[in-house]
Every structure is written in C-alpha cells, then in structure tokens.
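Using full-length UniProt numbering, the first residue of the sequence shown is number 1, and each one after it goes up by one.
All C-beta atoms in this analysis are idealised placements derived from N, C-alpha and C, irrespective of residue type, glycine included.
Right, one structure below, let's go through it.
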Amino acid sequence: MFAITVRDHIMIAHSFQGEVFGPAQRLHGATFVVDATFRRAELDPDGIVVDIGLATRELGEVLGALNYRNLDDEPEFAGVNTSTEFLAKVVADRLADRVNAGALGEHARGLSGIAVTLRESHVAWATYERDLAP
C-alpha cells in the first residue's frame, strides 16, 4: 500500500456536554495539527499516490471552513460533542467528498482510503480512517 500525507492546522473553540469531560465542559480553545493520509494499492499513471499540491490545497479548504470558529455556534454541530475523534471523521468525510467530486484530479478517484489524524498535543491525538469506493 502506498501513502502520502499532507499537514495543516486549525484553531477552534468549543465546549462539551457530559461529566466525563470535566473542565472541558466550559468553552475552551483547541489548536489541532491535522495530517491527512491518502492511500492506494498501486501508483497512478503518473507514478504518484495523489498530487501533493492538490491534496494540500483541498485539506486547507476543508479546514478553512472550521478554522477560527466556535463550533458550538455552528448549526451542523448542534447538540454534538465535537471531540477530536468526531472532528477527524468530519475532515475525512469532507476530503472524501472532494476526491469523489474530482477536486484532487481524475486519477485520485483510484484512491483506496483516507486517514485523518488530529493532534491536540505532543502526547494525544485521534485518527479516523475510511475507505473510498472504487
């Protein structure tokens, strides 16, 4: 399996509901380093997994919709704990939509999967992996 990873970051504010979150139930900020890994079994006709420039651009655009936002104020996240795990899935699903729409180039439709990792610190992170339909 071949893979490439591109990196960016986001800064958000949010709060959580539930005693398990302790003081994080209050509004707080988070800065995430975000890694998006694109996978495929065989290289495309150009000898690459996916165009790194396009992957970087699309990750930046996906994150731009979340950056500097209070996620508690976003209607699409109403009543949801926007945990690190949850946000990793949101980013992966949005990237998958862009792959399927052709935004990463026609050959990117041959990707087999995407994994997104959000690093909250040097000691804690969460990853969501998903397959892409051939």
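Check                                                                                : Outcome
Nearest candidate by alpha-carbon position, reference Ala78, set Ala124, Ile4, Phe16 : Phe16
Best match in Ala101, Leu59, Phe86 for proximity to Phe38 [C-alpha to C-alpha]       : Leu59
Val90 (DSSP reduced to helix, strand or coil)                                        : helix
Contact under 8 Å by Cβ, Arg119 with Ala92                                           : no
Where Thr31 falls: helix, strand or coil (DSSP)                                      : strand
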